[in-house]
Amino acid sequence: MNDRSNLVSSFPAPPIHYISQCTDSNIKDNLILPPPPPIQGAYTMFGVQYNTEDMIIQPLENQGIRRLYPNTPNFDRKVELKKLNHSIIANFLDLLEILIRCPSSPERERKIEDLSLLFINFHHLVNEFRPHQACQSLMLMLERQYKERMCYVNHFRDHFQAVEENLSNCLDNFPDQLEIKFLNDPTLKKIWIDCMQKSHMKRSESEKSSQIVEMKIDPEDIALCHLADKIVHRNC
């Protein structure tokens with residue numbers, strides 16, 4: 185029991201004030217406490233002081249580490265990574281030979297330090313690719329979202345054209361002097377008028393005559409509206 189009480193969590197428990205406020209009802213009603221503002225300036229994390237104005241990737245010289253690759257802006261990073269990789273393999277084989285021949289030799293510590301320096305330079309050179317990787321990942325994500333949205337637009341356009349064609353075909357079968365009562369819904373009324381106008385425009389072009397049709401809706405025409413809804417749901 186005493187051993188259990190002496191256990192310490194890796195992370196401290198969250199404040200009870202935040203726990204009591206973060207409930208399902210508060211989240212639904214947007215009553216939870218807002219997050220704290222971003223830190224500006226210096227801050228401490230795990231006992232190390234950082235500054236928000238500093239570069240994300242610190243140069244090796246600022247950390248007191250010797251640089252093993254050129255410090256010019258236009259050097260070939262792939263070539264330098266291959267060189268560092270070959271040096272790591274060669275030093276590792278030398279370390280194995282030292283351990284086999286004389287494990288207590290002082291050369292062992294020197295080889296371990298060389299390997300540590302090589303790995304630090306290798307990882308630092310890889311981390312310099314992170315901003316470029318983030319930029320390319322963002323471009324790829326935006327390109328994927330653009331393609332998905334264009335696909336949705338094309339599908340919607342195809343469905344719209346199919347519904348418009350089906351409605352036009354249905355309207356072509358109605359008599360010319362059909363009296364229709366306008367629907368109460370203004371949106372559906374506008375769609376209905378547009379469809380009727382397009383249908384009569386096609387008919388006037390084929391017959392080379394224009395005709396003004398008074399449109400009113402009676403209960404029989406409500407069936408056509410239900411037919412249009414079914415066509416939309418089927419195509420979607």
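Just so you know, the sequence shown maps onto residues 185 to 420 in this note's numbering.
The beta-carbon is built from N, C-alpha and C at its ideal position, and this holds for glycine as well.
Treat the numbers as computed from the prediction; the structure is a model and nothing was measured.
Discussion item. Taking the alpha-carbon of leucine 279 as reference, which of Phe259, Lys266, Ser300 has the nearest alpha-carbon?
Written reply: Ser300
Worksheet item: How would you label isoleucine 203, buried or exposed, when you count the other beta carbons within 10 angstroms and need 16 or more for buried?
Response: Exposed, since its Cβ has fewer than 16 Cβ neighbours within 10 Å.
Worksheet item: Does DSSP classify glutamine 233 as helix, strand or coil?
Response: Three-state result, glutamine 233: strand.
Worksheet item: Does DSSP put tyrosine 253 in a helix, in a strand, or in coil?
Response: coil
Fill in: Cβ-Cβ separation, asparagine 305 to leucine 277 (assumed contact under 8 Å), whole Å
Actually they are not in contact, since the Cβ atoms of leucine 277 and asparagine 305 sit about 19 Å apart, beyond 8 Å.
Practice prompt. Give a yes or no on whether the C-beta atoms belonging to isoleucine 249 and glutamate 312 are separated by under 9 Å.
Written response: no
Worksheet item: Got a sec? Which residues, its chain only, sit under 6 Å from methionine 229 by beta carbon, not counting five neighbours each side?
Response: none
Fill in: the stretch 246-265 / the stretch 308-323 touching (three or more Cβ pairs under 8 Å)
yes
Discussion item. Going by C-alpha to C-alpha distance, which of Lys295, Gln205, Ile282 sits closest to aspartate 213?
Written reply: Gln205
Worksheet entry | Supposed close pair leucine 302, leucine 244 - CB separation, criterion 8 Å | Actually they are not in contact, since the Cβ atoms of leucine 302 and leucine 244 sit about 12 Å apart, beyond 8 Å.
Discussion item. In the DSSP output, which residue or residues are listed as bridge partners for tyrosine 227?
Written reply: According to DSSP, tyrosine 227 bridges with Tyr234.
Practice prompt. Look up asparagine 214 in the DSSP assignment and say whether it is helix, strand or coil.
Written response: coil
Worksheet item: For asparagine 275, which option in Pro257, Asp378, Arg285, Arg294 has the closest C-alpha, if you only look at C-alpha atoms?
Response: Across the set Pro257, Asp378, Arg285, Arg294, the C-alpha of Arg294 shows the shortest separation from the C-alpha of asparagine 275.
Worksheet item: If you count every other CB in all the chains shown that lies within 10 Å of the CB of valine 337, and 16 or more means buried, which is it?
Response: Around the beta carbon of valine 337, fewer than 16 other beta carbons sit within 10 angstroms, so the residue counts as exposed.
Worksheet item: Going straight from the alpha carbon of arginine 314 to that of leucine 326, what length do you get?
Response: Separation of arginine 314 and leucine 326 (C-alpha to C-alpha, rounded to the nearest whole angstrom) is 18 Å.
Worksheet entry | Alpha-carbon spacing of aspartate 260 relative to serine 289, whole angstroms | Using only the alpha carbons, I get a separation of about 37 Å.
Discussion item. Between the alpha carbons of asparagine 200 and asparagine 235, how many angstroms are there, rounded?
Written reply: Before going on, a small fix: residue 200 reads as isoleucine here, not asparagine. Computed Cα separation, rounded: 30 Å.
Worksheet entry | Inter-residue spacing [alpha-carbon to alpha-carbon] between serine 209 and proline 220 | Between serine 209 and proline 220, the C-alpha separation is close to 21 Å.
Discussion item. Is the beta carbon of arginine 292 closer than 9 Å to that of isoleucine 284?
Written reply: no
Worksheet item: For valine 347, does the count of other Cβ atoms within 10 angstroms reach 16, so buried, or fall short, so exposed?
Response: buried
Item to complete: Go through its chain and collect everything with a Cβ distance to proline 198's Cβ below 8 Å, but skip five positions before and after it.
Response: Correct list: empty, nothing qualifies.
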